[in-house]
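Those letters in the sequence shown? Residues 474 to 744, by our numbering.
Positions of the beta carbon are idealized from the N, C-alpha and C atoms, including for glycine.
For clarity, every value in this text was computed on a predicted model and none was experimentally measured.
What follows is one structure encoded as structure tokens, with my remarks underneath.
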Amino acid sequence: MATNPVLDVEGLDLVAGRPPHETPLVHSLGLSVAPGEVLALIGESGSGKSMTCLAVMDLLPPGVRQTAGHIRVNGRETVRRGRDAAMVLQNPSSCFDPVMTVRGHFRETVRGLGLGGAPDIRAVAALAEVGFDAPGTLLPLYPFQLSGGMLQRVMLALAMLGDPGLLLADEPTTDLDMPAQAKALECIDALRRSRGLAVLLVTHDLSVAARLADRVAVMRHGRLLETGPAAAFFEAPQSDYGRTLLAAHYDLHDALAAPSPRAANDQGARP
Ligand SMILES: Nc1ncnc2c1ncn2[C@@H]1O[C@H](COP(=O)(O)OP(=O)(O)OP(=O)(O)O)[C@@H](O)[C@H]1O
474 MATNPVLDVE GLDLVAGRPP HETPLVHSLG LSVAPGEVLA LIGESGSGKS
524 MTCLAVMDLL PPGVRQTAGH IRVNGRETVR RGRDAAMVLQ NPSSCFDPVM
574 TVRGHFRETV RGLGLGGAPD IRAVAALAEV GFDAPGTLLP LYPFQLSGGM
624 LQRVMLALAM LGDPGLLLAD EPTTDLDMPA QAKALECIDA LRRSRGLAVL
674 LVTHDLSVAA RLADRVAVMR HGRLLETGPA AAFFEAPQSD YGRTLLAAHY
724 DLHDALAAPS PRAANDQGAR P
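Structural data, given as structure tokens:
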């Protein structure tokens, strides 16, 4: 029996502006994410990935409207932010109030979601779940006292407080150094496994998609060009643009793996 998707997007159209000067941003988009599944949404800048996430969260910016289609999260057309779906973004430091401690952020989120229980106990449990060994020690700290990687995991812990079925992760590793990227991805993967979380992962980085995704969806100019199992995409993309993306990814990796021209010259100059 097929499992009902946590996220179900059908025929989604998003436009900016008003007639007759509307600009289509997303056109006829359809995608779904099942419990415990990671769907990587990939594509060049401006293809509509972030706008799609914002539409799911009912957080479209002023001037941008949904003109067609359905978005359902756990079967509901009206998403309860933090309860049905939560979102983490790149540049986590921008998501925190600089003059509020970690404890303060948890208290505010617990209150905002109307959750019972002691906020500090919830905070410690949530921080332990995202891999902090001594979670209680983080509570009195201010955001500037944590690294970007730590802040991203605190953000994930806050996102999980309301036990959402869906996580929208929009470039969650973009501003992090390599060890912090690895840790954030491990953390998302662990949450997916332990909670059966459905994850829509927006990324430019095909290595991130390869590492985490069960399926890949490729967008360009607001349209979905192909979607399918990640293994099949990395083996043989179906669309021309998918092939271009993958070729660019391999070119970059080959360039990084090859000795730099300067290193090659230095070697050549050796006696
Ligand atoms: N506030 C806004 N009002 C109108 N159009 C916008 C607004 N914000 C973004 N856009 C446009 O919407 C389109 C889709 O942008 P979106 O941010 O979803 O792209 P993206 O695929 O997420 O790109 P990136 O990877 O760079 O984040 C772009 O053409 C962008 O210029």
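Problem - Proximity of residue 676 and residue 504 at Cβ, strictly below 8 Å - result: no
Handout entry: Cβ contact (3+ pairs, closer than 8 Å) linking the region 640-659 and the region 493-504
Key = no
Practice task
Sort 489, 484, 509 by Cα distance to residue 476 and report the nearest one.
Solution key: 509
Practice task
Please classify residue 539: does DSSP put it in a helix, a strand, or coil?
Solution key: strand
Exercise for the section: Consider the C-beta atom of residue 518 and the heavy atoms of ligand 1; say whether any pair is separated by less than 7 Å. Expected result: yes
Exercise for the section: Give the secondary structure of residue 584 by DSSP, where H, G and I count as helix, E and B as strand, and everything else as coil. Expected result: helix
Handout entry: Contiguous alpha helix (DSSP H) assignments of at least 4 residues, all confined to the region 563-643
Key = 575-586, 592-602, 621-633
Problem - Check whether residue 614 and residue 600 have beta carbons under 8 Å apart - result: no
Handout entry: Any non-hydrogen atom of ligand 1 closer than 7 Å to residue 522 Cβ
Key = yes
Practice task
Flag residue 720 as yes when its Cβ comes closer than 7 Å to any non-hydrogen atom of ligand 1, and as no otherwise.
Solution key: no
Practice task
Decide yes or no for the touch test of the region 563-576 against the region 619-629: beta carbon pairs closer than 8 Å, at least 3 of them.
Solution key: yes
Practice task
Report yes if the C-beta distance between residue 641 and residue 529 is below 8 Å; otherwise report no.
Solution key: yes
Handout entry: Extent of the continuous alpha helix (DSSP H) run through residue 668
Key = 651-668
Problem - Residues near residue 498 in its chain [Cβ-Cβ closer than 8 Å; skip 5 each side] - result: 487, 488, 489, 521, 524, 537, 695
Practice task
Use the C-beta contact count for residue 664: other C-beta atoms within 10 angstroms, 16 or more gives buried, fewer gives exposed.
Solution key: buried
Handout entry: Residues near residue 710 by beta carbon distance below 8 Å, same chain, minus five either side
Key = 691, 699, 716, 718, 719
Handout entry: Distance, residue 724 Cα to residue 632 Cα
Key = 36 Å
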